[in-house]
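Only one structure is covered here, and it is reproduced in the block below.
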Amino acid sequence: MLERYERWLSRHEQKYKNKNEWALRFEIYKSNALFIDCINSRNLSYKFQEDKYHDLPKSIDWRKKGAVTGVKDQGTCGSCWAFSAVAAIEGINQIKTGKLAYLSEQELVDCDTSSFNEGCNGGDMVKAFEFIIKRGGIAAEKDYPYEGKDGSCNFLQTETGYTGYTIRPSKPVRIRTGFFKIRFLGWEKKPDRFLSDPDRIEIRILCISSCKDKEARNYAPTISGYELMHKNMEKSLLVGVAEQPVSVAIDAEGYEFQFYRSGVFTGDCGYQLNHGVTVVGYGEDGSKKYWLVKNSWGTSWGESSYIRMEREVSDERGICGIAMDSSYPVK
Numbered sequence: 001m002l003e004r005y006e007r008w009l010s011r012h013e014q015k016y017k018n019k020n021e022w023a024l025r026f027e028i029y030k031s032n033a034l035f036i037d038c039i040n041s042r043n044l045s046y047k048f049q050e051d052k053y054h055d056l057p058k059s060i061d062w063r064k065k066g067a068v069t070g071v072k073d074q075g076t077c078g079s080c081w082a083f084s085a086v087a088a089i090e091g092i093n094q095i096k097t098g099k100l101a102y103l104s105e106q107e108l109v110d111c112d113t114s115s116f117n118e119g120c121n122g123g124d125m126v127k128a129f130e131f132i133i134k135r136g137g138i139a140a141e142k143d144y145p146y147e148g149k150d151g152s153c154n155f156l157q158t159e160t161g162y163t164g165y166t167i168r169p170s171k172p173v174r175i176r177t178g179f180f181k182i183r184f185l186g187w188e189k190k191p192d193r194f195l196s197d198p199d200r201i202e203i204r205i206l207c208i209s210s211c212k213d214k215e216a217r218n219y220a221p222t223i224s225g226y227e228l229m230h231k232n233m234e235k236s237l238l239v240g241v242a243e244q245p246v247s248v249a250i251d252a253e254g255y256e257f258q259f260y261r262s263g264v265f266t267g268d269c270g271y272q273l274n275h276g277v278t279v280v281g282y283g284e285d286g287s288k289k290y291w292l293v294k295n296s297w298g299t300s301w302g303e304s305s306y307i308r309m310e311r312e313v314s315d316e317r318g319i320c321g322i323a324m325d326s327s328y329p330v331k
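Letter by letter, the sequence shown follows residues 1 to 331 of this note's numbering.
Structure (structure tokens):
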């Protein structure tokens, strides 16, 4: 089986990031190969064969792997793009670090307004990724909570920590994101020494790994880049979701989608992309293959804010255009 696997790897030019992934994919390949061999050994009217997706798991649910935060609700604000992008970043951050952090959609709504994105009037997930890369990170949800409306670009910093120090202002300090020099009374953590005004402390709010000598402890994760999936190709989306949650745009204006309650959605919908969601898995329910999609309409919609959308449909664009515009962050 190992030699067969290596021939398959060579034929399809498959490469993996490390030995652990290689071993995991080998186990998946072996399971699928044994299934194919079993079917083909029978006297049936059809035969199976291996393809380049032979090493992908039959199903995956990133919720069960701890890479999906709880249900969120965008309210009446058209900020679906921010929720989609943030969910994808929350996912890859957990996969890479083992820590599931709730991140701030409101920061994108308030601050990512210089290009295509327009807060509650809509936006684009890729532009959100670009903004976060440029800014060097995104706030934790607890530090910049969701308000469901457009606001000024602010960051509420109640406690600022950096290498070797803990500084606590006497009251919360509301400052704009960026680079600042602030002045206040406080105590050094090590060694104990009173900092008196006008001592200056320079704090780089949007800095985690790239800080040279001072680090903002409360600031949350960043990403190094993003990837665009092949358009109009569900198999490409499948490969992406097998690795991590993926941001997608869909047409969600149809009545059938809006009134969805449960089950595998096979209803009518168009291809005018107008809503951002996050694909957090895929699987099968009987004979129906589906995408597991996290929405941002609260627990009262769908299967507690999730929808299972039919997978591998006849139209290459996918149901509701799910394969037309998809991307994922890289960390």
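Note that beta-carbon positions come from the ideal geometry of N, C-alpha and C, so glycine has one too.
In this structure, how does DSSP classify Asp112 when only helix, strand and coil are distinguished?
DSSP places Asp112 in coil when its eight states are reduced to three.
Excluding the 5 residues preceding and the 5 following Asp268 in the sequence, name in chain order all residues of the same chain whose CB lies nearer than 7 angstroms to its CB.
Only Gly254, Glu256 meet the Cβ criterion.
Can you tell me the Cα-Cα spacing of Ser10 and Ala85, whole angstroms?
For Ser10 and Ala85, the distance between alpha carbons rounds to 35 angstroms.
Please tell me whether Glu141 and Leu103 are closer than 8 angstroms, where the distance is taken between their beta carbons.
Cβ distance < 8 angstroms, so Glu141 and Leu103 count as in contact.
Excluding five sequence neighbours on each side, which residues of the same chain lie with their C-beta closer than 7 angstroms to the C-beta of Tyr146?
Result list for Tyr146: Glu105, Gln106, in chain order.
Nearest to Lys235 by CA position, among Lys19, Gly91, Pro57, is which residue?
Per the Cα distances, Pro57.
Please state the DSSP three-state secondary structure of Phe259.
If DSSP states are grouped into helix, strand and coil, Phe259 belongs with coil.
Note down the Cα distance separating Tyr29 from Val313, rounded to an integer number of angstroms.
The straight-line gap from Cα to Cα measures roughly 24 angstroms.
Determine contact between the region 108-117 and the region 260-267, defined as no fewer than three beta-carbon pairs at a distance below 8 angstroms.
No, they do not touch.
Using 10 angstroms around the beta-carbon of Glu3, count the other beta-carbons present and answer buried if the total reaches 16, otherwise exposed.
The residue in question, Glu3, is exposed, as its Cβ has fewer than 16 Cβ neighbours within 10 Å.
Leaving aside the five residues before and after Ser224 along the sequence, list all residues of the same chain whose C-beta is less than 8 angstroms from its C-beta, in chain order.
So the list reads Ile133, Val330, Lys331, once near-sequence residues are dropped.
So Thr299 is in the beta strand (DSSP E); what residue range does that whole segment cover?
From DSSP, Thr299 is part of no beta strand (DSSP E); its letter is neither H nor E.
Within a Cβ cutoff of 7 angstroms, which residues of the same chain sit near Phe26, ignoring the five residues on either side of it in sequence?
So the list reads Tyr5, once near-sequence residues are dropped.
Tell me which residue opens and which closes the beta strand (DSSP E) that Thr278 is part of.
Per DSSP, Thr278 belongs to the beta strand (DSSP E) from 275-285.
Would you list the residues sitting across from Phe265 in a DSSP beta bridge?
For Phe265, which the question treats as bridged, DSSP gives the partners Met309.
Check for me: the beta strand (DSSP E) holding Leu100 runs from which residue to which?
Where Leu100 is concerned, there is no enclosing beta strand (DSSP E), given that its DSSP letter is neither H nor E.
Which value, in whole angstroms, describes the spacing of the CA atoms of Ser152 and Glu243?
Approximately 36 angstroms between the Cα atoms of the pair.
May I have the straight-line CA-CA distance separating Gly98 from Gly91, to the nearest angstrom?
Each residue's alpha carbon lies about 10 angstroms from the other.
In angstroms, rounded to a whole number, what distance separates the CA positions of Gly318 and Leu237?
Spanning the two alpha carbons is a distance of roughly 10 angstroms.
May I ask you to list the residues that DSSP assigns as paired with Val246?
Paired residues: Val279.
Buried or exposed for Gly286, going by 16 or more other Cβ atoms inside 10 Å?
Burial call: exposed.
Please state whether the Cβ-Cβ distance between Met125 and Lys231 is less than 8 angstroms.
In this structure, Lys231 does not lie closer than 8 angstroms to Met125 by Cβ.
Helix, strand or coil for Ile36? Go by DSSP, reduced to three states.
DSSP places Ile36 in helix when its eight states are reduced to three.
Alpha carbons only, please: which of Gly148, Lys17, Glu21 is nearest the one belonging to Ala82?
Here the closest residue by C-alpha is Gly148.
Under the assumption that Val279 contacts Val241 (Cβ atoms under 8 angstroms), give the Cβ distance between them as a whole number of angstroms.
Confirmed, Cβ separation roughly 5 angstroms.
For Arg311, which residues of its own chain have a beta-carbon under 7 angstroms away from its beta-carbon, when the five flanking residues on both sides are left out?
Contacts found: Glu234, Tyr282, Lys289, Tyr290, Trp291.
If you follow the beta strand (DSSP E) that Val330 is in, where does it begin and where does it stop?
First-last of the beta strand (DSSP E) with Val330: 326-330.
Look up Tyr29 in the DSSP assignment and say whether it is helix, strand or coil.
The answer is helix: DSSP assigns Tyr29 an H, G or I state.
Quick check on Trp291: does DSSP put it in helix, strand or coil?
Strand, per DSSP.
Is it right to say Lys19 is buried, meaning 16 or more other beta carbons lie within 10 angstroms of its own, or is it exposed?
With fewer than 16 Cβ atoms within 10 Å of its Cβ, Lys19 is classed as exposed.
Spatial neighbours of Ser304 within its chain, please: CB distance less than 7 angstroms, with the 5 preceding and 5 following residues excluded, ordered by chain position.
Closer than 7 angstroms at Cβ, skipping near neighbours: Val71.
Count the other CB atoms, across all protein chains shown, that sit within 10 Å of the CB of Asn40; report buried if there are 16 or more and exposed otherwise.
Asn40 should be labelled exposed.
In terms of residue numbering, what span does the beta strand (DSSP E) encompassing Glu227 cover?
Residues 225-228.
Is the Cβ-Cβ distance between Ser296 and Asp143 less than 8 angstroms?
The answer is no: Cβ separation not under 8 angstroms.
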